[in-house]
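Novice: Counting from 10, one number per residue, gives the positions in the sequence shown under the working numbering.
Glycine residues also receive a C-beta, built at the ideal position from the N, C-alpha and C atoms.
Here the structure is a predicted model, which means the values were calculated and not measured.
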Amino acid sequence: MSNIKVLQIIARLNIGGPAIYTILLSHELDKIGYKTILVKGTEGQTEGDMMYLAESKGVKPVIIPELGREIGFKNDLVAFYKLYKLIKSEKPDIVHTHTAKAGTLGRIAAWLADVPVILHTFHGHVLAGYFGKLKTLVFILIEKILARISTRIITLSNELKKELIEIGIAREKKIEVIPLGLELRPFMEGGFFGEFKKELELSEDTVLIGIVGRLVPIKGHKYFLEAAKIINQGSGVRGQELRFVIIGDGELRKELEDYTKKLGIANDVVFTGFRRDLPKIYSDLDIVVLSSINEGTPVSIIEAMASGKPVIATNVGGVSSLVENNINGFLINPQDVQALSDAIIKLLNDSDLRQKMGREGRSSVFPRYDISQLVKRVDLLYTQMIADVKK
Numbered sequence: 010m011s012n013i014k015v016l017q018i019i020a021r022l023n024i025g026g027p028a029i030y031t032i033l034l035s036h037e038l039d040k041i042g043y044k045t046i047l048v049k050g051t052e053g054q055t056e057g058d059m060m061y062l063a064e065s066k067g068v069k070p071v072i073i074p075e076l077g078r079e080i081g082f083k084n085d086l087v088a089f090y091k092l093y094k095l096i097k098s099e100k101p102d103i104v105h106t107h108t109a110k111a112g113t114l115g116r117i118a119a120w121l122a123d124v125p126v127i128l129h130t131f132h133g134h135v136l137a138g139y140f141g142k143l144k145t146l147v148f149i150l151i152e153k154i155l156a157r158i159s160t161r162i163i164t165l166s167n168e169l170k171k172e173l174i175e176i177g178i179a180r181e182k183k184i185e186v187i188p189l190g191l192e193l194r195p196f197m198e199g200g201f202f203g204e205f206k207k208e209l210e211l212s213e214d215t216v217l218i219g220i221v222g223r224l225v226p227i228k229g230h231k232y233f234l235e236a237a238k239i240i241n242q243g244s245g246v247r248g249q250e251l252r253f254v255i256i257g258d259g260e261l262r263k264e265l266e267d268y269t270k271k272l273g274i275a276n277d278v279v280f281t282g283f284r285r286d287l288p289k290i291y292s293d294l295d296i297v298v299l300s301s302i303n304e305g306t307p308v309s310i311i312e313a314m315a316s317g318k319p320v321i322a323t324n325v326g327g328v329s330s331l332v333e334n335n336i337n338g339f340l341i342n343p344q345d346v347q348a349l350s351d352a353i354i355k356l357l358n359d360s361d362l363r364q365k366m367g368r369e370g371r372s373s374v375f376p377r378y379d380i381s382q383l384v385k386r387v388d389l390l391y392t393q394m395i396a397d398v399k400k
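In C-alpha cells:
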C-alpha cells in the first residue's frame, strides 16, 4: 500500500539481526510505495557498525546520538525529547520500534504524540539470562506497561511468542509472529569455494568448524572453545586437519583469545573479527555452531542453512523453529559442552550426513526466511492496522 509513512526506530545499527532487519525492511518497503524513515542511535566501540549495509541500500538514517545501548538519565531524556519532536514533525502513520531501549523511548514518545499505530518487534529479549532477578523483574514490568500502549507486538518465532505470553508481557491476540527475512540468494549462489581456506593458508581438505556472532557473554563462545579442546584431545575423531573459526568481534575478544591459550588450543583457533564477506566464509565452513544461552532467531543459523551447511545449535529462543533435530542439524542443551563436542564429532566422522543435513537446511529456510516473505507479511500487517484505525 502506498502513502503510508512509517518511522522505524532502533537503538543502534550494530552487527546483528535487528540492524539487518530494519535496514532491509526500510529499503524494501520504500520500493513498494511506503515512505519510511529509519532512526538510529550510537553504536558501541566494540559492537561493529552496519551503516555500510544502509548505504548500499540507499537508506539514510536520522541519527540521534543520545540514543544508545546504555541506560543514562540525561542521554535518555534528550533522546526521548528528540524522538518526540521528530514524531510530531513527521506525523507518521506507524511507529515501529526495535530493541529494548528504542522500544521504550520510541513507544512512549509515539503514544504521547498520538500516533495511530504503534508496533514493537521483539527480535529476542533481555528478560532472561542478561541481568539479576530484581533488574529482570523491573524490565518485565516496563514491558508489560509498554505492551498496553502498543497496537501490536511482533515476534520472530512461535517460541518467542510463547515465552512472552508466559512472562505476562501481553495476551496471545496482541502478539503477531512474523519470521525474520534476509537476503538469502548470495548465500545460495556460492561460487566462493576454497577462497576463505586459501586466505587462512589452509588446504582444501582442512575441516572448518565455525561460529558466527558478536563476542559477548550471552553467545556462549567459551563452551565452543571447551568443546574444541575435547575434540583436539582425540575423542573419536578420524585423522583430519581441523580448525575452529570464530567470526565476529566484541567485548570478550581478548578474554576469549586468552582462554584459547589457557586451554592449549590457540594454534587451532582462528579469530577473524567482523567480516562483510560472509557468503565466502560460509562457503568454506563445514560445520556451523551456535552456543548461545539465549537467542531470538539467529541470523547465523539461517545464513548457514542457506549456504547448505549442517548446524549444531543450543535449543533456546526461536532456534527450534529453524533446527529440526537429526534432520537439518542437531539441537543441544545450552552450556552442555559434552553434547556439543559429541555432535561435532559425529558430523566430522560422517561427510555424507553433513551434506544431507546441509541440503535439508537449505530447503527449510528458503524461501520462508527470504526478505521477500518478510515484506509481504509486514505489508499485510501494516495495511490491516491502518484499515482498523480508519474504521
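May I ask you to list the residues that DSSP assigns as paired with VAL221?
Specialist: Residue numbering aside, residue 221 sits at position 212 when the sequence shown is read from its first letter. Answer by DSSP bridge pairing, in chain order: ILE256.
Novice: Would you identify the three-state DSSP class for THR55, choosing helix, strand or coil?
Specialist: Here residue 55 corresponds to residue number 46 of the sequence shown, with the count starting at 1. If DSSP states are grouped into helix, strand and coil, THR55 belongs with coil.
Novice: Roughly how many angstroms separate the alpha carbons of ILE73 and ALA88, rounded to a whole number?
Specialist: Indexing the sequence shown from 1 puts residue 73 at position 64. Indexing the sequence shown from 1 puts residue 88 at position 79. Using only the alpha carbons, I get a separation of about 7 Å.
Novice: Please go through the same chain and pick out, in chain order, the residues whose beta-carbon is closer than 7 Å to the beta-carbon of VAL68, but skip the five residues on each side of it.
Specialist: By 1-based counting over the sequence shown, the position of residue 68 is 59. Cβ neighbours of VAL68 beyond the five flanking positions: ILE32, SER35, HIS36 and LEU47.
Novice: In this structure, how does DSSP classify ILE118 when only helix, strand and coil are distinguished?
Specialist: As a position in the sequence shown, residue 118 is number 109, starting the count at 1. Contrary to the premise, residue 118 reads as Ala rather than Ile in this sequence. For ALA118, the secondary structure class from DSSP, reduced to helix, strand or coil, is helix.
Novice: Roughly how many angstroms separate the alpha carbons of ILE303 and VAL332, rounded to a whole number?
Specialist: Translated into the one-based positions of the sequence shown, residue 303 becomes position 294. Translated into the one-based positions of the sequence shown, residue 332 becomes position 323. Checking the sequence, you will find Asn at residue 303 rather than Ile. Between ASN303 and VAL332, the C-alpha separation is close to 15 Å.
Novice: Please report the residue range of the alpha helix (DSSP H) in which ILE13 lies.
Specialist: Residue numbering aside, residue 13 sits at position 4 when the sequence shown is read from its first letter. Taken as a continuous stretch (DSSP letters only), ILE13 belongs to no alpha helix (DSSP H), as it is neither H nor E.
Novice: LEU349: which of GLU235, LYS100 and LYS144 sits nearest, CA to CA?
Specialist: Taking the sequence shown and counting its residues from 1, the one referred to as residue 349 is at position 340. When only C-alpha atoms are compared, the closest one is GLU235.
Novice: Put ARG161 into one of helix, strand or coil per three-state DSSP.
Specialist: Counted from its first residue, the sequence shown places residue 161 at position 152. Note: ARG161 maps to strand in three-state DSSP.
Novice: Quickly, what does DSSP pair GLU185 with across the bridge? List them, please.
Specialist: As a first step, residue 185 must be located in the sequence shown, where it is residue number 176. Answer is ILE163.
Novice: So what does DSSP say about LEU22, is it helix, strand or coil?
Specialist: If you number the sequence shown from 1, residue 22 lands on position 13. Three-state DSSP puts LEU22 in coil, outside helix and strand.
Novice: What are the partner residues of PHE339, as DSSP defines its beta bridges?
Specialist: By 1-based counting over the sequence shown, the position of residue 339 is 330. DSSP lists ILE321 as partners of PHE339.
Novice: Suppose you measure from the CA of ILE158 to the CA of GLY177; what does that come to, to the nearest Å?
Specialist: Sequence index remark: in the sequence shown, residue 158 carries index 149 (1-based). Sequence index remark: in the sequence shown, residue 177 carries index 168 (1-based). About 15 Å.
Novice: How far does the alpha helix (DSSP H) with THR45 in it reach, from first residue to last?
Specialist: Counted from its first residue, the sequence shown places residue 45 at position 36. Here THR45 belongs to no alpha helix (DSSP H); instead the beta strand (DSSP E) covers 44-49.
Novice: Compute the Euclidean distance between the alpha carbons of GLN249 and LEU150, then round it to the nearest angstrom.
Specialist: Along the sequence shown, read from residue 1 onward, the residue named residue 249 stands at position 240. Along the sequence shown, read from residue 1 onward, the residue named residue 150 stands at position 141. One C-alpha to the other measures close to 52 Å.
Novice: Assuming LEU129 is part of the beta strand (DSSP E), what are its boundary residues?
Specialist: Numbered from 1 along the sequence shown, position 120 holds the residue referred to as residue 129. Leu is not the amino acid found at residue 129; the sequence shown has His there. Counting along the chain, the beta strand (DSSP E) containing HIS129 begins and ends at 126-131.
Novice: Taking 7 Å as the limit between beta carbons, can you name the residues of its chain near LYS94, skipping five residues before and five after?
Specialist: Counted from its first residue, the sequence shown places residue 94 at position 85. The answer is none, since no qualifying residue turns up.
Novice: Buried or exposed, going by whether 16 or more other CB atoms sit within 10 Å of the CB of ARG285?
Specialist: Counting from one through the sequence shown, the residue named residue 285 turns up at place 276. Exposed is the call here.
Novice: Quick check on DSSP: helix, strand or coil for THR106?
Specialist: As a first step, residue 106 must be located in the sequence shown, where it is residue number 97. Strand, per DSSP.
Novice: Hey, how far is the Cα of MET10 from the Cα of THR160?
Specialist: One-based indexing of the sequence shown puts residue 10 at position 1. One-based indexing of the sequence shown puts residue 160 at position 151. Here the model assigns MET10 a pLDDT of 49, short of 50, so the residue's position is not dependable, and the following value carries that caveat. The alpha-carbon atoms of MET10 and THR160 are separated by roughly 19 Å.
Novice: Could you please give me the residues that DSSP links to VAL279 through a beta bridge?
Specialist: For the purposes of this step, residue 279 is taken as the residue at position 270 of the sequence shown. Its beta-bridge partners are VAL254.
Novice: How should SER360 be labelled, buried or exposed, when 16 other C-beta atoms within 10 angstroms of its C-beta is the threshold for buried?
Specialist: Translated into positions along the sequence shown, residue 360 becomes position 351. Its Cβ having fewer than 16 others within 10 Å, SER360 is exposed.
Novice: Run through the DSSP bridge pairs and tell me what VAL298 is partnered with.
Specialist: One-based indexing of the sequence shown puts residue 298 at position 289. VAL298 is bridged to ILE220 and ILE321.
Novice: Are the CB atoms of LEU217 and ASP277 nearer to each other than 7 Å?
Specialist: Sequence index remark: in the sequence shown, residue 217 carries index 208 (1-based). Sequence index remark: in the sequence shown, residue 277 carries index 268 (1-based). Contact flag unset, no.
Novice: Label GLY199 either buried or exposed according to how many other C-beta atoms from any shown protein chain fall within 10 Å of its C-beta, with 16 as the threshold for buried.
Specialist: Indexing the sequence shown from 1 puts residue 199 at position 190. Under this definition GLY199 is an exposed residue.
Novice: Whether or not the segment 308-315 and the segment 180-196 are in contact is what I'm after, with contact meaning three or more pairs of Cβ atoms, one per stretch, closer than 8 Å; do they touch?
Specialist: yes
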